[in-house]
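Each remark here refers to the structure printed beneath this line.
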Ligand SMILES: Nc1ncnc2c1ncn2[C@@H]1O[C@H](COP(=O)(O)OP(=O)(O)O)[C@@H](O)[C@H]1O
Ligand SMILES: [Mg+2]
């Protein structure tokens, strides 16, 4: 099995702080790999390094066997990386349907604009499938800005999927959600993993233990442990750093 994504000795510093410090791990196909760690551990910065928003000062990012270290976000997206941001990334003044269509159309490389009809049909079919899967049929005409917080977070995931990524990066998708919305979103993510490789940052440890296949634990920029949920939970270093007791 070839990893969809692997990072090797990845790092960046801001001023004197090693926000991400020599991190290595792989995300296996159709699995949920979850990055956990306390606030400020470097999780979001790790995602920014992987998705090309920040250039690493050392290390490598391999996507589907190709070295993509330092590639800009739009090139990473074209290479198969999708992400939803911790900060919401929707066009609030557009409808649910318009948000999805825009995201699906962004797939189409400008060099192939002489094939718009065929590609558009594929994009529209993709949008229909997402509306169905995410239960958005009754919401398609609503402005994204008028949706509830939970609905917006789920629409963001649908928008990220519209570009048909090989791997989907989700940074705290359940943040600010009610208990019921969190449970629904966890179920949705588990379901999505049948079709797309997932790299997740999640703070709800119950959700993490429930849906993750592989967990990477970060603390102060470094990876301090990784493994299956039961292995990570039993790790003394993880208990000390993350759960705050030994
Ligand atoms: N653009 C930036 N400039 C300076 N410092 C940053 C920047 N982004 C993150 N940091 C710092 O890097 C560290 C890791 O932050 P972050 O990756 O957001 O952690 P997490 O997502 O695990 O909470 C923190 O100390 C944070 O203040
Ligand atoms: Mg973060």
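In my numbering, the protein residues as written are 517 to 762.
Quick reminder that beta carbons are idealized off the backbone N, C-alpha and C, glycines included.
Boundaries (first-last residue) of the beta strand (DSSP E) holding residue i
i, result
"residue 535", "533-543"
"residue 523", "521-530"
"residue 715", "713-717"
"residue 606", "Residue 606 -> no beta strand (DSSP E), and no H or E assigned at all."
"residue 549", "548-552"
Backbone secondary structure at residue i - three-state DSSP
i, result
"residue 741", "strand"
"residue 661", "helix"
"residue 693", "coil"
"residue 733", "strand"
"residue 599", "strand"
"residue 701", "helix"
"residue 670", "helix"
"residue 570", "coil"
"residue 706", "helix"
"residue 751", "coil"
"residue 675", "helix"
"residue 579", "strand"
"residue 686", "strand"
"residue 656", "coil"
Residue burial classification, residue i (beta-carbon count within 10 angstroms, cutoff 16)
i, result
"residue 747", "exposed"
"residue 558", "buried"
"residue 703", "exposed"
"residue 679", "buried"
"residue 609", "exposed"
"residue 742", "buried"
"residue 564", "buried"
"residue 486", "The question about residue 486 has no answer here: the residues shown for the chain are numbered 517 through 762."
"residue 591", "exposed"
"residue 571", "exposed"
Cβ-Cβ distance between residue i and residue j below 9 Å
i, j, result
"residue 562", "residue 520", "no"
"residue 567", "residue 675", "no"
"residue 763", "residue 672", "With the chain represented from 517 up to 762, any question about residue 763 goes unanswered, as that position is not in the structure."
"residue 594", "residue 583", "no"
"residue 597", "residue 545", "no"
"residue 677", "residue 646", "yes"
"residue 666", "residue 694", "yes"
"residue 510", "residue 670", "In the structure displayed, the chain extends from 517 to 762; residue 510 sits before or after that span and is not available."
"residue 727", "residue 686", "no"
"residue 547", "residue 714", "yes"
"residue 723", "residue 731", "no"
"residue 719", "residue 549", "no"
"residue 712", "residue 683", "yes"
Boundaries of the alpha helix (DSSP H) in which residue i is found, first to last residue
i, result
"residue 590", "589-594"
"residue 564", "559-567"
"residue 617", "612-621"
"residue 722", "721-727"
Residue i to residue j span [Cα, whole Å]
i, j, result
"residue 659", "residue 753", "46 Å"
"residue 710", "residue 574", "33 Å"
"residue 589", "residue 569", "6 Å"
"residue 586", "residue 560", "16 Å"
"residue 536", "residue 736", "8 Å"
"residue 701", "residue 691", "11 Å"
"residue 579", "residue 552", "21 Å"
"residue 612", "residue 699", "22 Å"
"residue 757", "residue 661", "38 Å"
Residue i: CB within 8 Å of a non-hydrogen atom of ligand 4
i, result
"residue 687", "Absence of ligand 4 from the depicted structure is noted, with ligand 1 and ligand 2 being the only ligands included."
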